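Asks: Starting off with a structure, shown below.
There are 2 protein chains.
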Amino acid sequence: MREDTRTRIQEIALRLFTEQGYEATSLREIAEELGVTKAALYYHFKTKDDIVASLVDTRLQELEELLAWLKEQPKTAETRREVVERYAEQVRGGRHLGIGRFLERNQTALRDNPTLIKIRDRMMELTVEMSPPDATPTERLRHALALFALHAGKWLMKEEELSEEEVHKACLEVADRLLQP
Amino acid sequence: MREDTRTRIQEIALRLFTEQGYEATSLREIAEELGVTKAALYYHFKTKDDIVASLVDTRLQELEELLAWLKEQPKTAETRREVVERYAEQVRGGRHLGIGRFLERNQTALRDNPTLIKIRDRMMELTVEMSPPDATPTERLRHALALFALHAGKWLMKEEELSEEEVHKACLEVADRLLQP
DNA sequence: GTCTATATATCGATAGAC
DNA sequence: GTCTATCGATATATAGAC
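Shown next as structure tokens:
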């Protein structure tokens, strides 16, 4: 069962945008890896930005689901732990693996992209909604950083000779410590 | 006492590279803000990359000084605390303020820049050298993340109505918690 | 030190044949 | 669905006058 061309464009674009950056990756490069000409891409996507939009729409949806759930929960330590677990599951999540890193690395280049702006806003909301209204600045920072630890951990430990499971476990343990009262 | 042109180019370039990204910022834009033509820039810097080099060389030097100092210290909790303090001082540091953010936001676009590669390597070394050889993966991640917290904190708290001092204090407190045994 | 003018290359995007 | 050919804009960089 062969993948369709649209999906392959998305995969190649995601990888190159992540490795090289959005601006530094041309449609010519994407087309060459796919084995077609630049013009062929325009049959599948209207613009270069459209490729990005198709990538990030799914991520925005996931984030909004998590945020909606969080808003219905009491702002307790137990809720925060569950947010981190759900977020971690999304970050390393099945088929959308890698979109997180793409987003991290292209925030400036894509700072005017409407969907990216929404993702950043939701992310900010998420960190705010984790803490009760009377939390101190330090507490709020700790809770926010717990989510951040899941990204940073993977980068910081990429040179260690550890399995993905071990890295994941270490990330969750550090996140948990940041959530302790 | 008027600044010289070379310094003004560096200031404008640093700001635009940080706000818009390296690739998205053209020499034309820099020249326009300076009030000269593109060609004039080439009198002061040989290439666009040369402007970057002039910016990051200082940061590399700072980082190498800190690393050299760290390597002579025992890997104790006290040493780790002092590394964080010195690093924090560099991050918000006087005249080189803003280079940290520039580096964070242009890692992909400038991934082949020799000085940037060195900075990334030294940064990695720094996180490794903080922990004793027998530290667990989780401990190593915690120590590394303590340095990271100083960057992330500023981003995460940029929308809070806090003074720079308060944000800085919160960052240091969270970093300190990550260093606790 | 800064200018005008230009070389050369690449980009995103489109038109139209097949 | 993919091609060739091309448009118009913009990029980095250089040559040479002043």
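As you go down the protein sequences, you meet chains A and B in turn.
The numbers in the first sequence follow our numbering, run straight up by one, and end at 586.
The numbers in the second sequence follow our numbering, run straight up by one, and end at 586.
Using N, Cα and C, we set each Cβ at its ideal position, and we do this for glycine too.
All figures in this text were calculated on a predicted structure; none of them were measured in a lab.
In the segment 524-557 of chain B, which residues sit with their C-beta less than 7 Å from some C-beta in chain A, listed in chain order?
Replies: Listed in sequence order: M529, T532, P542, T543, L546, R547, A549, L550, F553, A554, A557.
Asks: Quick one: what's got a C-beta closer than 7 Å to T410 (chain B)'s C-beta in the same chain, skipping five residues either side?
Replies: Contacts found: H449.
Asks: Identify the contact partners of R510 (chain B) in chain A, using a Cβ-Cβ distance below 8 Å as the criterion.
Replies: Those within 8 Å of R510 (chain B) in chain A are Q512, T513.
Asks: V457 (chain A) and L515 (chain A): beta carbons closer than 8 Å?
Replies: Yes.
Asks: List the residues of chain A whose Cβ lies closer than 9 Å to the Cβ of G503 (chain B), in chain order.
Replies: Ordered by position in chain A, no residue passes the 9 Å Cβ test against G503 (chain B), which lies about 14 Å from the chain.
Asks: Counting only beta-carbon atoms, is A429 (chain B) nearer than 8 Å to chain A?
Replies: Chain A, which has a Cβ nearer than 8 Å to the Cβ of A429 (chain B), makes this yes.
Asks: Between the C-alpha atoms of G505 (chain A) and T513 (chain A), what's the straight-line distance to the nearest angstrom?
Replies: Rounded to whole angstroms, G505 (chain A) to T513 (chain A) spans 15 Å at the Cα level.
Asks: Between which residues of its own chain and T430 (chain B) is the CB-CB distance below 7 Å, once the five residues before and five after are set aside?
Replies: Once the five neighbours on either side are set aside, the close Cβ partners of T430 (chain B) are L421, F422.
Asks: Return helix, strand or coil for P542 (chain B), following the three-state DSSP convention.
Replies: It is helical.
Asks: What's the gap between the Cα of L439 (chain A) and the Cα of K451 (chain A)?
Replies: Going from the Cα of L439 (chain A) to the Cα of K451 (chain A) covers about 17 Å.
Asks: Between R548 (chain B) and L584 (chain B), which are expected to be in contact by the criterion C-beta below 8 Å, what is the C-beta distance as a whole number of angstroms?
Replies: In the sequence on display, residue 548 (chain B) carries His and not Arg. Going by Cβ atoms, the distance from H548 (chain B) to L584 (chain B) rounds to 7 Å, so yes, they are a contact pair.
Asks: Grab me the residues of E416 (chain B)'s own chain with a C-beta within less than 6 Å of its C-beta, minus the 5 sequence neighbours each way, in chain order.
Replies: There are no such residues.
Asks: With a cut-off of 8 Å, does the C-beta of V488 (chain B) fall near any C-beta of chain A?
Replies: With 8 Å as the cut-off, V488 (chain B) does not count as an interface residue toward chain A.
Asks: Within 10 angstroms of its Cβ, does K476 (chain B) collect 16 or more other Cβ (buried), or is it exposed?
Replies: K476 (chain B) comes out exposed.
Asks: I want to verify the contact list: residues of chain A whose CB lies under 9 Å from the CB of Q425 (chain B), in sequence order.
Replies: Those within 9 Å of Q425 (chain B) in chain A are T513, A514, R516.
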